[in-house]
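In order, the protein sequences belong to chains A and B.
Note that the numbering used here has the first sequence beginning at 120, numbered continuously upward.
Note that the numbering used here has the second sequence beginning at 17, numbered continuously upward.
What follows is a short report on a single structure.
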Amino acid sequence: MDSRKPGAELALNLRLLDHQIMGPEGELLGNVDNLLMEEVDGHWFVASLMTGPAAAAQRQGGRMGRWVEAIWRRMHPDADPVPVAVPLRHVTKVDSAVHVDESAARALAQTQGIELWLRENVISRLPGGLAGDDDDRGPVATHRRRHPGFEPDPGARPIGHLLGAEVRDSEDSSLGRVIELTATTDDDGTEALGRLRLDALICSTSRIGGELGYTLTPEGPWVVRRLVQALHRGDRLVHVDDLDLHAFLAAEKPEEGRATTRLTVRRNAEVTHPYDR
Amino acid sequence: MKKVFAVALGILTAIGGFVDIGDLVTNAAVGARFGVSLLWVVPVGVLGICVFAEMSGRVAAVSGRATFDLIRERLGPRMGLLNLLASMAVTFLTLAAEIGGVALALELASSVNAYLWIPFVGTALWIVLWRVKFAVLENAFGLAGLALIVFAVAAWQLGPDWGELASQAAMPSVPATEDVAVYAYYAVALFGAAMTPYEVFFFSSGGVEEHWKPENLKLMRANVFIGFPLGGMLSVAIAVSAATVLLPRGIEVATLGQVAMPVVAATGKIGLALVLLGFFAATFGAACETGLSVGYSVSQYFGWQWGKFVEPLRAARFHTVVLLSCVAAVGLLLTTVDPIMLTEYSVVFSAVALPLTYFPILVVANDRTYMGEHVNGRVANALGVVYLVIVLVASIAAIPLMILTKAGQ
Numbered sequence: 120m121d122s123r124k125p126g127a128e129l130a131l132n133l134r135l136l137d138h139q140i141m142g143p144e145g146e147l148l149g150n151v152d153n154l155l156m157e158e159v160d161g162h163w164f165v166a167s168l169m170t171g172p173a174a175a176a177q178r179q180g181g182r183m184g185r186w187v188e189a190i191w192r193r194m195h196p197d198a199d200p201v202p203v204a205v206p207l208r209h210v211t212k213v214d215s216a217v218h219v220d221e222s223a224a225r226a227l228a229q230t231q232g233i234e235l236w237l238r239e240n241v242i243s244r245l246p247g248g249l250a251g252d253d254d255d256r257g258p259v260a261t262h263r264r265r266h267p268g269f270e271p272d273p274g275a276r277p278i279g280h281l282l283g284a285e286v287r288d289s290e291d292s293s294l295g296r297v298i299e300l301t302a303t304t305d306d307d308g309t310e311a312l313g314r315l316r317l318d319a320l321i322c323s324t325s326r327i328g329g330e331l332g333y334t335l336t337p338e339g340p341w342v343v344r345r346l347v348q349a350l351h352r353g354d355r356l357v358h359v360d361d362l363d364l365h366a367f368l369a370a371e372k373p374e375e376g377r378a379t380t381r382l383t384v385r386r387n388a389e390v391t392h393p394y395d396r
Numbered sequence: 017m018k019k020v021f022a023v024a025l026g027i028l029t030a031i032g033g034f035v036d037i038g039d040l041v042t043n044a045a046v047g048a049r050f051g052v053s054l055l056w057v058v059p060v061g062v063l064g065i066c067v068f069a070e071m072s073g074r075v076a077a078v079s080g081r082a083t084f085d086l087i088r089e090r091l092g093p094r095m096g097l098l099n100l101l102a103s104m105a106v107t108f109l110t111l112a113a114e115i116g117g118v119a120l121a122l123e124l125a126s127s128v129n130a131y132l133w134i135p136f137v138g139t140a141l142w143i144v145l146w147r148v149k150f151a152v153l154e155n156a157f158g159l160a161g162l163a164l165i166v167f168a169v170a171a172w173q174l175g176p177d178w179g180e181l182a183s184q185a186a187m188p189s190v191p192a193t194e195d196v197a198v199y200a201y202y203a204v205a206l207f208g209a210a211m212t213p214y215e216v217f218f219f220s221s222g223g224v225e226e227h228w229k230p231e232n233l234k235l236m237r238a239n240v241f242i243g244f245p246l247g248g249m250l251s252v253a254i255a256v257s258a259a260t261v262l263l264p265r266g267i268e269v270a271t272l273g274q275v276a277m278p279v280v281a282a283t284g285k286i287g288l289a290l291v292l293l294g295f296f297a298a299t300f301g302a303a304c305e306t307g308l309s310v311g312y313s314v315s316q317y318f319g320w321q322w323g324k325f326v327e328p329l330r331a332a333r334f335h336t337v338v339l340l341s342c343v344a345a346v347g348l349l350l351t352t353v354d355p356i357m358l359t360e361y362s363v364v365f366s367a368v369a370l371p372l373t374y375f376p377i378l379v380v381a382n383d384r385t386y387m388g389e390h391v392n393g394r395v396a397n398a399l400g401v402v403y404l405v406i407v408l409v410a411s412i413a414a415i416p417l418m419i420l421t422k423a424g425q
């Protein structure tokens, strides 16, 4: 995927969320568990990627999410733990993995609590824990460090609030729930990936198959394609300009995880099936 | 020359590594009970695992992503987690069955009770997974597993009426003494034994461990399309020799010793030695694969560093999961559950869990953004969809058949 091309479309749920985060040496540093958005001059941008139990719990929401977050808080050595967030300028490339630069890799490696604890207390105490096939990599992180540059901005909002939110049209009939968000790369020439401007959201009345990769383009073997198309014929694409995201996100509580209010599409807005965009 | 050697080694280990405790027990049990009338399931299952493994191996080589990465990505965190729990339950059950199989093979060789061997086998397994390099582990047990060719020799030595067998196998019918539901239940079990989800977790993660690139696709395909069917021939040989020796005498397979009986009857002492070596290598090799698969899948779901290509300290969570699953599998076996019964259940539950992993792979193998020119072609998709249907039918039918037939009794 050539994500550097300005104006390229990126489906955030399909291509970013739940993808592997990889450091410059190929080290595996967690999955993208949530994304943070922020508003700049009336536009919404993807601000940072989040990973780790706290971010996953927040996206999960509900009782299970609250439990996981409570356990994470209790087990964390800091009095007031903060989840890790990698600002988008540290992302160098997006293909089947999300590649981050060296400083982000270091920050992620030094904040994975369970990994560091197991390294120190279990694996390094077993004979042969240091031997392996690779000799040409840098030192192994064994101690936790706080990285203030890799913490969420207070104004940023998790995307988990938008995914799953109910959308209604101006006559107050439901268009379904948000299953996908598209962003456009808006290259200002300073960063490898460019900025990701939130463009549109896609809502669906079907709960199955939203992330299979058929939401924006029909692909795959005929039978599967037809089946998913039939399930998703009611999908609708709504431009963010036709929604009041600001009011919606302001009403949402970050600790809730799931959306509690609805999004309403403006009158006279153009709402189409994603294939007809 | 080096290239020829690499191809030959890959094919040989694919043959030797194809058979595990599930294939040994299920094929012998089916042969002893149904003769060759269920043998048609083996090629169906073998072609299925070829299609499935080729797709997952291709995705791994092109994108660098192994199976559970893709499952979470395409099903989302919630469905992915349910999938992880189900797949891990089946893989863990298989791991316990393989460790039990190693212990039973050692019991046959030493006359020391299998339950005394189990803790020892569990420890040895963990040491191998902890210390031995990936390539060594894969090749050593795969090559030693070739000893199971003795089943083919035995089938030949026993000299059944090949024409008669061939016509029975080509025109399968339910034996007069058996119920249709029981026949169908064993068909699902045989299919589950040939097409086990862990094989794909291991195959695709192994591709990442060995740093496959698109250039390696030819080699991968040779392993899959030559090695797996030849390995499947071993399954056929096990069933045929059981059908020749055990069926006429009315012996039903309840122990690993009975699986070996036809070989001993046909080839004597040397056959016994080879069959024991084959049992040990096949089950120990598969125990390594399932043990690693548990670690691979959990780590890939959460995005943790995994693999034996990094030193253990860099993949502490992965190695902790592997260690814990070895301990838990030994614990399960020490409840004195019968490993053969565990095997019979594990192959049926494999069939149940199969669509969960099969479907996301089929979808990703069609994703142009990931796969570029290596996306599924017409043949791969036609076969892929046919098998999607077969896999779904087997999965849906498995549990009702199990209840209806009281697990094939």
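All C-beta atoms in this analysis are idealised placements derived from N, C-alpha and C, irrespective of residue type, glycine included.
No experiment lies behind these values; they were computed from the predicted model shown.
Taking the straight line between their C-alpha atoms, what separation do you get for residue i and residue j?
i, j, result
"residue 123 of chain A", "residue 384 of chain B", "Confidence is the limiting factor: at residue 123 of chain A the pLDDT is only 46, short of 50, which leaves the residue's position unreliable, though a coordinate-based value still follows. Those two C-alpha atoms are separated by around 18 angstroms."
"residue 187 of chain B", "residue 119 of chain B", "38 angstroms"
"residue 307 of chain B", "residue 238 of chain B", "26 angstroms"
"residue 358 of chain B", "residue 112 of chain B", "8 angstroms"
"residue 120 of chain A", "residue 391 of chain B", "Bear in mind that the predicted position of residue 120 of chain A carries a pLDDT of just 41, short of 50, making it too unreliable to give a figure here."
"residue 137 of chain B", "residue 150 of chain B", "19 angstroms"
"residue 53 of chain B", "residue 181 of chain B", "9 angstroms"
"residue 257 of chain A", "residue 146 of chain A", "11 angstroms"
"residue 241 of chain B", "residue 349 of chain A", "35 angstroms"
"residue 19 of chain B", "residue 236 of chain B", "13 angstroms"
"residue 127 of chain A", "residue 325 of chain B", "35 angstroms"
"residue 354 of chain A", "residue 69 of chain B", "34 angstroms"
"residue 232 of chain A", "residue 78 of chain B", "32 angstroms"
"residue 420 of chain B", "residue 197 of chain B", "7 angstroms"
"residue 233 of chain B", "residue 260 of chain A", "35 angstroms"
"residue 27 of chain B", "residue 72 of chain B", "18 angstroms"
"residue 317 of chain B", "residue 389 of chain A", "38 angstroms"
"residue 335 of chain A", "residue 84 of chain B", "23 angstroms"
"residue 92 of chain A", "residue 314 of chain B", "Only positions 120 to 396 of chain A appear in this structure, which leaves residue 92 of chain A out of reach."
"residue 403 of chain B", "residue 418 of chain B", "22 angstroms"
"residue 321 of chain B", "residue 150 of chain A", "10 angstroms"
"residue 136 of chain A", "residue 154 of chain A", "7 angstroms"
"residue 134 of chain A", "residue 114 of chain B", "38 angstroms"
Can you tell me whether DSSP reads residue i as helix, strand or coil?
i, result
"residue 140 of chain A", "strand"
"residue 39 of chain B", "helix"
"residue 122 of chain A", "For residue 122 of chain A, the pLDDT reaches just 45, beneath the cut-off of 50, and the residue's location in the model is therefore unreliable, leaving the point undetermined."
"residue 167 of chain A", "strand"
"residue 385 of chain B", "helix"
"residue 195 of chain A", "coil"
"residue 336 of chain A", "coil"
"residue 285 of chain B", "helix"
"residue 243 of chain B", "helix"
"residue 254 of chain B", "helix"
"residue 19 of chain B", "helix"
"residue 126 of chain B", "helix"
"residue 212 of chain A", "strand"
"residue 294 of chain A", "strand"
"residue 215 of chain B", "helix"
Assuming residue i contacts residue j under a Cβ cut-off of 8 angstroms, what Cβ separation, rounded to an integer in Å, is found between them?
i, j, result
"residue 329 of chain B", "residue 242 of chain A", "5 angstroms"
"residue 202 of chain A", "residue 224 of chain A", "About 17 angstroms separates the two Cβ atoms, so there is no contact after all."
"residue 202 of chain B", "residue 424 of chain B", "6 angstroms"
"residue 398 of chain B", "residue 244 of chain B", "Between residue 244 of chain B and residue 398 of chain B the Cβ distance is about 19 angstroms, and since that is not below 8 angstroms, they are no contact."
"residue 320 of chain A", "residue 294 of chain A", "Residue 320 of chain A to residue 294 of chain A, Cβ: 10 angstroms. No contact."
Mind pulling the chain B residues with CB within less than 9 angstroms of residue i?
i, result
"residue 178 of chain A", "93"
"residue 237 of chain A", "332, 333, 335 and 336"
"residue 257 of chain A", "Residues of chain B passing the Cβ test: none, with the nearest at roughly 10 angstroms."
Anything in chain A within Cβ reach of residue i, meaning under 8 angstroms, just list it in chain order.
i, result
"residue 321 of chain B", "146, 147, 148 and 234"
"residue 79 of chain B", "214 and 215"
"residue 401 of chain B", "340, 341, 342 and 343"
Could you name the residues of chain A that residue i contacts, counting a contact when the two beta carbons are closer than 7 angstroms?
i, result
"residue 386 of chain B", "215"
Item checked: Validate contact between the stretch 153-172 of chain B and the stretch 248-258 of chain B using beta carbons, cut 8 angstroms, 3 pairs -> By the C-beta criterion, the stretch 153-172 of chain B is judged to be in contact with the stretch 248-258 of chain B, since at least 3 inter-stretch pairs fall below 8 angstroms.
Check: Within the chosen definition, does the stretch 292-306 of chain B reach the stretch 153-162 of chain B through at least 3 CB pairs nearer than 8 angstroms?
Finding: At 8 angstroms Cβ cutoff, the stretches touch.
Note to self: Check whether the stretch 17-29 of chain B and the stretch 354-363 of chain A touch, using three or more Cβ-Cβ pairs below 8 angstroms as the test.
What the structure shows: Touching, no.
Notebook entry, point to check: Does the stretch 257-273 of chain A touch the stretch 288-299 of chain A, meaning 3 or more C-beta pairs lie closer than 8 angstroms?
Noted result: The stretch 288-299 of chain A and the stretch 257-273 of chain A do not touch, with fewer than 3 CB-CB distances between them shorter than 8 angstroms.
Note to self: If the cut-off is 7 angstroms on Cβ atoms, which residues from the stretch 124-138 of chain A count as contacting chain D, listed in chain order?
What the structure shows: The displayed structure is made up of protein chains A and B, and chain D is not among them.
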